[in-house]
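Visitor:
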Amino acid sequence: MRVLPYGSRAAMVDFDDPSEVLGLHASLEQDPPDGVVELVPAARTLLVRFDPGRTHHDRLAGAILDRSTVDVSPRETAEIVVPVRYDGPDLAEVAAAAGMSAEAVVRRHEDGTYVSAFCGFAPGFAYLTGLDPALHLPRRSSPRTRVPAGSVAIAGEYTAVYPHASPGGWRLIGRTILPVWDVDREPPNLLAPGTRIRFSS
Amino acid sequence: MTAKIDVVRTGIFATVQDLGRPGLAAIGVGRSGAADRGSLRLANRLVGNPEDNAALECVLGGLVLRFSAPTTVAVTGAPCPITVGGRAFGSNSPIPVGPGDELVLGMASQGLRCYVAVRGGVDVAPVLGSRATDTLGKVGPPVLSAGMTLPVGHRVSPHPGVDLAPCALLAEEPVLRVTVGPRVSWFVPGALSTLLTSVFVATADVDRVGVRLEGPDLSRARDGELPPEAAVPGALQVPPSGQPILFLADHPVTGGYPVIAVVEEADLDVAAQVRPGQRIRFRLVKGSDGSNPLHHSRGPRPAK
Numbered sequence: 001m002r003v004l005p006y007g008s009r010a011a012m013v014d015f016d017d018p019s020e021v022l023g024l025h026a027s028l029e030q031d032p033p034d035g036v037v038e039l040v041p042a043a044r045t046l047l048v049r050f051d052p053g054r055t056h057h058d059r060l061a062g063a064i065l066d067r068s069t070v071d072v073s074p075r076e077t078a079e080i081v082v083p084v085r086y087d088g089p090d091l092a093e094v095a096a097a098a099g100m101s102a103e104a105v106v107r108r109h110e111d112g113t114y115v116s117a118f119c120g121f122a123p124g125f126a127y128l129t130g131l132d133p134a135l136h137l138p139r140r141s142s143p144r145t146r147v148p149a150g151s152v153a154i155a156g157e158y159t160a161v162y163p164h165a166s167p168g169g170w171r172l173i174g175r176t177i178l179p180v181w182d183v184d185r186e187p188p189n190l191l192a193p194g195t196r197i198r199f200s201s
Numbered sequence: 001m002t003a004k005i006d007v008v009r010t011g012i013f014a015t016v017q018d019l020g021r022p023g024l025a026a027i028g029v030g031r032s033g034a035a036d037r038g039s040l041r042l043a044n045r046l047v048g049n050p051e052d053n054a055a056l057e058c059v060l061g062g063l064v065l066r067f068s069a070p071t072t073v074a075v076t077g078a079p080c081p082i083t084v085g086g087r088a089f090g091s092n093s094p095i096p097v098g099p100g101d102e103l104v105l106g107m108a109s110q111g112l113r114c115y116v117a118v119r120g121g122v123d124v125a126p127v128l129g130s131r132a133t134d135t136l137g138k139v140g141p142p143v144l145s146a147g148m149t150l151p152v153g154h155r156v157s158p159h160p161g162v163d164l165a166p167c168a169l170l171a172e173e174p175v176l177r178v179t180v181g182p183r184v185s186w187f188v189p190g191a192l193s194t195l196l197t198s199v200f201v202a203t204a205d206v207d208r209v210g211v212r213l214e215g216p217d218l219s220r221a222r223d224g225e226l227p228p229e230a231a232v233p234g235a236l237q238v239p240p241s242g243q244p245i246l247f248l249a250d251h252p253v254t255g256g257y258p259v260i261a262v263v264e265e266a267d268l269d270v271a272a273q274v275r276p277g278q279r280i281r282f283r284l285v286k287g288s289d290g291s292n293p294l295h296h297s298r299g300p301r302p303a304k
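Listed in order, the protein sequences are those of chains A and B.
Position 86 of the first sequence, counted from 1, bears residue number 86 in UniProt numbering, the numbering being contiguous throughout.
Position 125 of the second sequence, counted from 1, bears residue number 125 in UniProt numbering, the numbering being contiguous throughout.
#1: Can you tell me the Cβ-Cβ gap for A:A122 and B:G140, rounded? I've got them flagged as a contact below 8 Å.
#2: Can you tell me whether B:D217 is buried or exposed, with buried defined as 16 or more other CB within 10 angstroms of its CB?
#3: Among the residues of its own chain, which have a CB less than 6 Å from the CB of A:E38, if the five just before and after it don't count?
#4: Does the CB of B:L128 have a neighbour CB from chain A at under 8 Å?
#5: Answer yes or no: do B:A272 and B:L248 have a C-beta to C-beta separation smaller than 8 Å?
#6: Tell me which same chain residues have a C-beta within less than 6 Å of the C-beta of B:V43, skipping the five on either side of it?
#7: Can you tell me whether DSSP reads B:N92 as helix, strand or coil?
#8: At a CB-CB cut-off below 8 Å, which residues of chain B make contact with A:V180?
#9: Given the structure, does A:L131 come close to the ligand ATP, in the sense that its CB is under 7 Å from one of the ligand's heavy atoms?
#10: Determine the contact status of B:V152 and B:I5, defining contact as a CB-CB distance below 8 Å.
#11: Express the C-alpha separation of B:L195 and B:D163 in angstroms, rounding to a whole number.
#12: I'd like to check one pair, B:A35 with B:E57: are the Cβ atoms closer than 8 Å?
#13: Quick check: the stretch 122 to 131 of chain B against the stretch 99 to 107 of chain B, are at least 3 beta-carbon pairs closer than 8 Å?
#14: Name the DSSP bridge partner or partners of B:E57?
#15: Count the C-beta pairs between the stretch 141 to 158 of chain A and the stretch 5 to 20 of chain B that are closer than 8 Å, then say yes if the count reaches three, no if not.
#16: Measure the C-alpha to C-alpha separation of A:H56 and B:E265 and round it to an integer number of angstroms.
#17: Assess contact between the stretch 171 to 178 of chain B and the stretch 150 to 162 of chain A, defined as three or more Cβ pairs (one per stretch) separated by less than 8 Å. Is contact present?
#18: I'd like to confirm the pairing. Which residues does DSSP put opposite A:G156 in its beta bridges?
#19: Tell me the residue span of the beta strand (DSSP E) that contains B:Q237.
#20: Pick from B:P70, B:L170, B:V156 and B:P182: whose alpha carbon is nearest that of B:R275?
#21: In the structure shown, what three-state DSSP assignment does B:E173 receive?
#22: Can you check DSSP and say which residues form a bridge with A:C119?
#23: Can you tell me whether DSSP reads A:S101 as helix, strand or coil?
#24: Hey, B:V156 and B:G30 are a contact pair by Cβ (cut 8 Å); roughly how many whole angstroms apart?
#25: Mapping DSSP to helix, strand and coil, what is A:S19?
#26: Along the beta strand (DSSP E) that carries B:I82, what are the first and last residues, could you check?
#27: Is B:G224 close to chain A, meaning its C-beta is less than 8 Å from at least one C-beta of that chain?
#28: Of the residues that make up the stretch 164 to 179 of chain A, which ones have a beta carbon closer than 9 Å to any beta carbon in chain B?
#29: Just to confirm my understanding: we take B:G111, look at its own chain, exclude 5 residues before and 5 after, and list those with CB closer than 8 Å. What are they?
#30: For A:V63, tell me which candidate among A:R85, A:V3 and A:P83 has the shortest Cα-Cα distance.
#31: Just the chain A side, please: which residues come within less than 8 Å of B:I245 by C-beta, in chain order?
#32: Of the residues A:L65, A:L22, A:P41 and A:T45, which one's Cα is nearest the Cα of A:P33?
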């Protein structure tokens, strides 16, 4: 792992092993080094924003490199079960591309245990890891201009639930009625980084 | 009776903004808030508000507001002609407004964004702790449109007792200070010095998300995509075209293009006032050595 400078108020921790991101995130969240104001996990990195009045890059980098990220499992939260109706418009295409039946795609997606790795793209859009490698497929060559809220989709090594209607290039395999994002709820995001998720039809 | 503001005209584009909703990037929500935070703070101070009250941000002036009750307003940011009830007033000053009066902002002569604060603050419903409109994340109150009515709040501080806050004019060719970005190693060795020695021009593609710049290519030394990683305001992200995009208040929470350098937070207010066609330059912050960026690592080291 490397700690890279990111302006004068943030450092970016870059990992060779993406599974270490959530471990360091959990460790720094439980016991933040002096001056840390925000942690933002992503696919292979953790952004650490800090108050330049209280610490500086070198000092923070030292504190981060001292952390052990060994044996950090997903946060001890209740598992969230997302009910799905597997009738997405791309299901047949996904089955053909993966060389299996639509039923087999559904079974493999349902059998997975997922962990929310990070959010991005839109508020509450969580990238869930743990997708069966047989279902790792590229995005659609041409994105849709509108994907309905609640769409359950896959792209690359991730699966996700679209929290809002938006444009999108992921392959849609189903939909859920569970609102994963609600600004009037505390917390608004059901699928915050570190959360464990299962899909069930 | 609670005071209200009728939006008569919005000009090109106007929103409600405060200092945003920091600390929520991990759930996919950016900070948002005023693009020129210093001007929002000043407008609030001039009317005796706490600095973080919500006010209005508009592009190049053109905003027309009608007030239902006597109050105090202030206009800051890009300088523009200002009238209240037909009488002319200056920027960066508290302005008394009577019931039924119209505040009219003319076309801004330089800069891009004007701020209008009203005593008590714009009191639309907060979302996730802020009244800012995040135009990319679609969080917060709707973009302003003619015919809307905005409630005025009661959150005030003492009147500041000043008539005018002197403000420096925006430079003809602003120089923005940068530090080295996390992905400078993705670029050819001369790219950073190209960034620091060239003039870049703001294209017409300027909004609250960012400023698309035009200049000499910042060529990448490696192909391929970067998995999504978190961004900050001020990040200079470089797509394969080699033409950088400077992120502003509503930037995406994560992005997939390498960031070559980061504009200092203190210079973001100036960056938010850059208008299409304007020339800008970048300068490295003293003490941040571009040739040897601060770099720490753990893990397997090459054998000696």
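Note that beta-carbon positions come from the ideal geometry of N, C-alpha and C, so glycine has one too.
Guide: To lay it out plainly:
#1: Translated into the one-based positions of the first sequence, residue 122 of chain A becomes position 122. Translated into the one-based positions of the second sequence, residue 140 of chain B becomes position 140. The pair is not a contact, with the Cβ atoms about 14 Å apart (cut-off 8 Å).
#2: Along the second sequence, one-based indexing puts residue 217 of chain B at 217. The residue in question, B:D217, is exposed, as its Cβ has fewer than 16 Cβ neighbours within 10 Å.
#3: Indexing the first sequence from 1 puts residue 38 of chain A at position 38. Excluding positions up to five away in sequence, the list reads R49.
#4: As a working note, residue 128 of chain B is residue 128 in the second sequence. Cβ-Cβ to chain A under 8 Å: yes for B:L128.
#5: Taking the second sequence and counting its residues from 1, the one referred to as residue 272 of chain B is at position 272. Taking the second sequence and counting its residues from 1, the one referred to as residue 248 of chain B is at position 248. Going by C-beta atoms, B:A272 is nearer than 8 Å to B:L248.
#6: Indexing the second sequence from 1 puts residue 43 of chain B at position 43. Sequence inspection shows Ala at residue 43 of chain B; the Val mentioned does not correspond to that position. Answer for B:A43: A55, A74, T76, Y115 and A117, listed in chain order.
#7: Along the second sequence, one-based indexing puts residue 92 of chain B at 92. Residue state, collapsed to three classes: coil.
#8: For this step, residue 180 of chain A is matched to residue 180 along the first sequence. The contacting residues do not exist; A:V180 stays about 11 Å from chain B at best.
#9: Among the ligands in the structure shown, none appear at all, so the ligand ATP cannot be discussed.
#10: Walking along the second sequence from the start, residue 152 of chain B turns up at place 152. Walking along the second sequence from the start, residue 5 of chain B turns up at place 5. Yes, these two residues count as a Cβ contact at 8 Å.
#11: As a working note, residue 163 of chain B is residue 163 in the second sequence. As a working note, residue 195 of chain B is residue 195 in the second sequence. Distance between the alpha carbons of B:D163 and B:L195: 41 Å.
#12: Sequence index remark: in the second sequence, residue 57 of chain B carries index 57 (1-based). Sequence index remark: in the second sequence, residue 35 of chain B carries index 35 (1-based). Cβ atoms of B:E57 and B:A35: closer than 8 Å.
#13: no
#14: Taking the second sequence and counting its residues from 1, one reaches residue 57 of chain B at position 57. DSSP, once it has assigned bridges, lists B:T15 and B:Y115 as partnering B:E57.
#15: no
#16: Stepping through the first sequence from its first residue, residue 56 of chain A is reached at position 56. Stepping through the second sequence from its first residue, residue 265 of chain B is reached at position 265. Going by the C-alpha atoms only, they are around 15 Å apart.
#17: no
#18: Locating residue 156 of chain A in the first sequence gives position 156, where the first residue counts as 1. A:G156 is bridged to A:L137.
#19: Numbered from its first residue, the second sequence carries residue 237 of chain B at position 237. A235 to Q237 is the span of the beta strand (DSSP E), which, as asked, contains B:Q237.
#20: What you label residue 275 of chain B is simply residue 275 of the second sequence in a count that begins at 1. For B:R275, the nearest C-alpha among the options comes from B:L170.
#21: On the second sequence, residue 173 of chain B is found 173 positions in, with the first residue counted as 1. The answer is coil: DSSP assigns B:E173 none of H, G, I, E or B.
#22: Translated into positions along the first sequence, residue 119 of chain A becomes position 119. Paired residue(s): A:A126.
#23: If you number the first sequence from 1, residue 101 of chain A lands on position 101. In the structure shown, A:S101 sits in coil (DSSP, three-state: anything other than H, G, I, E or B).
#24: Within the second sequence, numbered from 1, the residue matching residue 156 of chain B stands at position 156. Within the second sequence, numbered from 1, the residue matching residue 30 of chain B stands at position 30. The Cβ separation is near 29 Å, so there is no contact.
#25: If you number the first sequence from 1, residue 19 of chain A lands on position 19. Looking at A:S19 - three-state DSSP - the assignment turns out to be coil, as it is neither helix nor strand.
#26: Residue 82 of chain B sits at position 82 when you count from the first residue of the second sequence. First-last of the beta strand (DSSP E) with B:I82: I82 to V84.
#27: For the purposes of this step, residue 224 of chain B is identified with residue 224 of the second sequence, where counting begins at 1. No, no contact with chain A.
#28: H164 and S166
#29: In the second sequence, residue 111 of chain B corresponds to position 111, counting from 1. Taken in chain order, the residues that qualify are G77, A78, P79, L170, Q273 and R275.
#30: Stepping through the first sequence from its first residue, residue 63 of chain A is reached at position 63. Just to set this straight, residue 63 of chain A is Ala in the shown sequence, not Val. Among A:R85, A:V3 and A:P83, the Cα nearest to that of A:A63 belongs to A:V3.
#31: Here residue 245 of chain B refers to the residue found at position 245 when the second sequence is read from its first residue. The premise fails here: B:I245 is roughly 15 Å from chain A at the closest Cβ pair, so nothing lies under 8 Å.
#32: Sequence index remark: in the first sequence, residue 33 of chain A carries index 33 (1-based). Nearest option by C-alpha distance: A:L65.
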